[in-house]
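Enquirer: In the working numbering, the protein residues as written are 120 to 810.
Note that the Cβ used here is the ideal one computed from N, Cα and C, for glycine as well.
To start, I am sharing the structure in question, which I have written as structure tokens.
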């Protein structure tokens, strides 16, 4: 720890942020404990022992209070306090988060609120705007707009294990959102942009115009704009999904990889300057200017800024000769980033960037030295470096990828070894294409090279995606299991670097064995599971019957055509249940196999259970010719028939469920015992484990 003096302080600062967000009671208890330390320092015998601890708890308190100061929710002037009285709000557009055809996702700061009684008043807080507008009417950063009070609280996910947008946004200090068209808001005509933002827009406009002169296909154009300016609006969902599944999604996101490539290119260019005590400082200054110029061009996105801060500290530390300087650079840059915005600690990009570079700092040299023992040559040494960098970068991020994306990229090593060396070449060629875009001979040759390389990478991704075993695309691990995996890595680091005591190796093995036993028990439980779920997908009918490791998904015909929407709502649930086989069934068709029967009358039968889907008036009348006993009755589109018809003809043992197509008022018309029904439209998905 002596070589990394700031590491302990950083960990306590992070502890302060986490305690504030997750557990105010624990956080306040530790603050009280911090206030008691000065009394312990009075005692001479304990002064030396407690002074160091006290400093770390002061840093903890700093993390706690800085997070509090950066949380608008606890501000006396938070706009949410006026949500019931304000007529409209004035919003300054802070950042364009996402753009696609006829839609923008914008993060804004609310600066004023207005109501008839008190007029215009100052307020504060961040808001998410989902704006539907054509390309001509899109908003810009720094623009002030008047938004009607149609703000809603960001809600929890409506379906089990679905992506939690509420938690994600709250960790960005965003608690409200509004979906509106361009006609609903009013432009003030006021645009206040900093010099850097204006420079960014001009640079990006010039780059897009230059690239637009060439006839790139959409997949290749999407990769180019993502690589150079961080604009992912041209990228198709399927392409991003494939890059994610094979383990190279980092290529498409402006992050430490891209800024690191630019840093290496700058270093190579500046190496022509003779080195002495003055030129070293000049090189550092030029490196910082060129590095941040790239960060500005890429849109000043949070991930690019973090990477810029990280490599700025690497440049500064290169001026000093210190042991462990890369890790010290990481710790210093992380500290500065978190002081500026404590909520960065929850950002996945922050976690992946720092963990990847930390892995390289700890494991790269040892892996490279080990590979050199196999066989050496100039070509093999270059290959060994690539393998060592790819492996060491993945060691720390694999657990978090498995936890967040439910995916383990089996082929990451092979594809990274091929793709990573091509990325600097492609970036250089794209820069050349932009510079020489008006010289047809040079630009045509560069266009051909770029296009061929990108087509090659896309085909490579497609090939490895098809080779990816399904098991590794549907991994479900808990937060505790993720911590256990990091425990294994930590004990291995202690074993390798501190001493070769076998106790640490044994502890790693014991954690692995415990994880394997837990997984076996989970597999046994999942093989016996029987789960019935009615999902909440607005304006669509969707329900599932899970039998062991098989899932039968019953959907309306329009939802079956929207695979992306269906996956977004149910895929995480299926992964959590360990599903290995998924069957999609149209609710207006029939289906039979050894496990489940679905008749044309909408009756699902399995394991002595019966579920009736009432989807059509004519079928309902046919069903009610005789009495039916069912465990569940599910209504879809209930406006088409009378509810009273089922009262005397259907015996419901468990629940009557109205799915998300039924609307908010259907139950007012139904003559049903209110204790027996469940309305998905008003609530979350209905999910029950069956005996």
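In or out: residue 442 buried (at least 16 other Cβ within 10 Å) or exposed?
Expert: For the purposes of this step, residue 442 is taken as the residue at position 323 of the chain shown. In this predicted model, residue 442 has a pLDDT of only 48, less than 50, meaning its place in the structure is not dependable enough to derive any value.
Enquirer: If we call anything under 7 Å between Cβ atoms a contact, is residue 776 one with residue 805?
Expert: Within the chain shown, residue 776 is the residue found at index 657, counting from 1. Within the chain shown, residue 805 is the residue found at index 686, counting from 1. Contact flag set, yes.
Enquirer: Can you tell me whether residue 778 is buried or exposed? The criterion is at least 16 other CB atoms within 10 Å of its CB, across all chains shown.
Expert: The residue labelled residue 778 in the question sits at position 659 within the chain shown. Burial call: buried.
Enquirer: Taking the continuous alpha helix (DSSP H) assigned at residue 682, which residues delimit it?
Expert: Within the chain shown, numbered from 1, the residue matching residue 682 stands at position 563. Unbroken alpha helix (DSSP H) run through residue 682: 682-695.
Enquirer: Would you tell me roughly how many angstroms separate the C-alpha atoms of residue 300 and residue 245, rounded to the nearest one?
Expert: Against the chain shown, residue 300 aligns to sequence position 181. Against the chain shown, residue 245 aligns to sequence position 126. Using only the alpha carbons, I get a separation of about 19 Å.
Enquirer: Helix, strand or coil for residue 760, going by three-state DSSP, please let me know.
Expert: Stepping through the chain shown from its first residue, residue 760 is reached at position 641. Low confidence applies here, because residue 760 scores a pLDDT of 49, under 50, leaving its location unreliable; read the following figure in that light. It is coil, neither helix nor strand.
Enquirer: Look up residue 493 in the DSSP assignment and say whether it is helix, strand or coil.
Expert: The sequence position of residue 493 within the chain shown is 374, counting from 1. Coil, per DSSP.
Enquirer: Which residues does DSSP list as the beta-bridge partners of residue 674?
Expert: Within the chain shown, the letter at position 555 stands for residue 674. According to DSSP, residue 674 bridges with 661, 705.
Enquirer: Return helix, strand or coil for residue 200, following the three-state DSSP convention.
Expert: By one-based count along the chain shown, residue 200 stands at place 81. In the structure shown, residue 200 sits in a helix (DSSP, three-state: H, G or I).
Enquirer: In the structure shown, what three-state DSSP assignment does residue 646 receive?
Expert: Within the chain shown, the letter at position 527 stands for residue 646. Helix.
Enquirer: Please report the distance separating the alpha-carbon of residue 174 from that of residue 611.
Expert: Position 55 of the chain shown holds residue 174. Position 492 of the chain shown holds residue 611. Spanning the two alpha carbons is a distance of roughly 30 Å.
Enquirer: Whose CA, out of 197, 387, 705, 205, lies closest to the CA of residue 293?
Expert: Here residue 293 is taken as the residue at index 174 of the chain shown, counted from 1. Among 197, 387, 705, 205, the Cα nearest to that of residue 293 belongs to 197.
Enquirer: If you pair each beta-carbon of the stretch 667-674 with each one of the stretch 711-729, do three or more pairs fall below 8 Å?
Expert: Touching, yes.
Enquirer: What are the boundary residues of the alpha helix (DSSP H) that includes residue 227?
Expert: The residue given as residue 227 occupies position 108 in the chain shown. No alpha helix (DSSP H) holds residue 227; the beta strand (DSSP E) holding it covers 222-234.
Enquirer: Which full runs of the alpha helix (DSSP H) of 4+ residues lie inside the stretch 518-566, going along the chain?
Expert: Listed in chain order, they are 531-554.
Enquirer: For residue 233, which residues of its own chain have a beta-carbon under 6 Å away from its beta-carbon, when the five flanking residues on both sides are left out?
Expert: Here residue 233 refers to the residue found at position 114 of the chain shown. Excluding positions up to five away in sequence, the list reads 206, 207, 239.
Enquirer: Between which two residues does the beta strand (DSSP E) holding residue 297 run?
Expert: Mapped onto the chain shown, residue 297 falls at position 178. Taken as a continuous stretch (DSSP letters only), the beta strand (DSSP E) holding residue 297 covers 293-300.
Enquirer: To the nearest angstrom, report how far apart residue 339 and residue 502 are at their CA atoms.
Expert: On the chain shown, residue 339 is found 220 positions in, with the first residue counted as 1. On the chain shown, residue 502 is found 383 positions in, with the first residue counted as 1. Cα-Cα distance, rounded: 27 Å.
Enquirer: What are the uninterrupted segments assigned as alpha helix (DSSP H) that are 4 or more residues long and contained completely in the stretch 274-339, given in chain order?
Expert: Listed in chain order, they are 284-289, 314-330.
Enquirer: What number of angstroms, rounded off, separates the C-alpha of residue 507 from the C-alpha of residue 726?
Expert: Within the chain shown, residue 507 is the residue found at index 388, counting from 1. Within the chain shown, residue 726 is the residue found at index 607, counting from 1. Those two C-alpha atoms are separated by around 53 Å.
Enquirer: For residue 705 and residue 684, which I take to be in contact (beta-carbon distance under 8 Å), what is that distance rounded to the nearest angstrom?
Expert: On the chain shown, position 586 is the one that residue 705 refers to. On the chain shown, position 565 is the one that residue 684 refers to. About 16 Å; that fails the 8 Å criterion.
Enquirer: Closest to residue 126 by C-alpha separation, out of 454, 604, 700, 682, would be which residue?
Expert: Residue mapping note: residue 126 aligns to position 7 of the chain shown, counting from 1. With distances taken between Cα atoms, residue 126 lies closest to 454.
Enquirer: Using only CA atoms, which one of 600, 544, 582 lies nearest to residue 634?
Expert: As a first step, residue 634 is located in the chain shown; it is residue number 515 there, counting from the start. Among 600, 544, 582, the Cα nearest to that of residue 634 is on 600.
Enquirer: Per DSSP, what kind of secondary structure is residue 442 in: helix, strand or coil?
Expert: Counted from its first residue, the chain shown places residue 442 at position 323. Because residue 442 carries a pLDDT of 48, less than 50, the predicted location of this residue cannot be relied on, and the following value inherits that uncertainty. Reduced to three states, the DSSP call for residue 442 is coil.
Enquirer: Alpha carbon to alpha carbon, how far is residue 330 from residue 345? Give it in angstroms, no decimals.
Expert: Here residue 345 corresponds to residue number 226 of the chain shown, with the count starting at 1. Here residue 330 corresponds to residue number 211 of the chain shown, with the count starting at 1. Taking the straight line joining both Cα atoms gives about 12 Å.
Enquirer: Quick check on residue 164: buried or exposed, where buried means 16 or more other Cβ atoms within 10 Å of its Cβ?
Expert: As a working mapping, residue 164 is identified with position 45 in the chain shown. The pLDDT assigned to residue 164 is 49, lower than 50, so where the model puts this residue is not dependable, and the model offers no usable value.
Enquirer: To which residues does DSSP link residue 598 through a beta bridge?
Expert: Numbered from 1 along the chain shown, position 479 holds the residue referred to as residue 598. None; residue 598 has no bridge partner.
Enquirer: Can you check which of these residues, 562, 285, 557, is closest to residue 548 by C-alpha distance?
Expert: Within the chain shown, the letter at position 429 stands for residue 548. Closest option to residue 548, Cα to Cα, is 562.
Enquirer: Please classify residue 361 as buried or exposed, where buried requires at least 16 other C-beta atoms within 10 Å of its C-beta.
Expert: Here residue 361 refers to the residue found at position 242 when the chain shown is read from its first residue. When all chains shown are included, residue 361 counts as buried.
Enquirer: Leaving out the 5 sequence neighbours to the left and right, which residues in its chain are closer than 8 Å to residue 133 when beta-carbon positions are compared?
Expert: Counting from 1 along the chain shown, the entry for residue 133 is found at position 14. Counting only Cβ-Cβ distances below 8 Å, and skipping sequence neighbours, we find 182, 457, 464.
Enquirer: Under three-state DSSP, which class holds residue 462?
Expert: Residue mapping note: residue 462 aligns to position 343 of the chain shown, counting from 1. Three-state DSSP puts residue 462 in a helix.
Enquirer: In angstroms, rounded to a whole number, what distance separates the CA positions of residue 188 and residue 681?
Expert: Indexing the chain shown from 1 puts residue 188 at position 69. Indexing the chain shown from 1 puts residue 681 at position 562. So the alpha carbons of these two residues sit roughly 43 Å apart.
Enquirer: Is the stretch 376-386 in contact with the stretch 413-431, if contact means three or more CB pairs nearer than 8 Å?
Expert: In short, these stretches touch, since the Cβ pair count reaches three.
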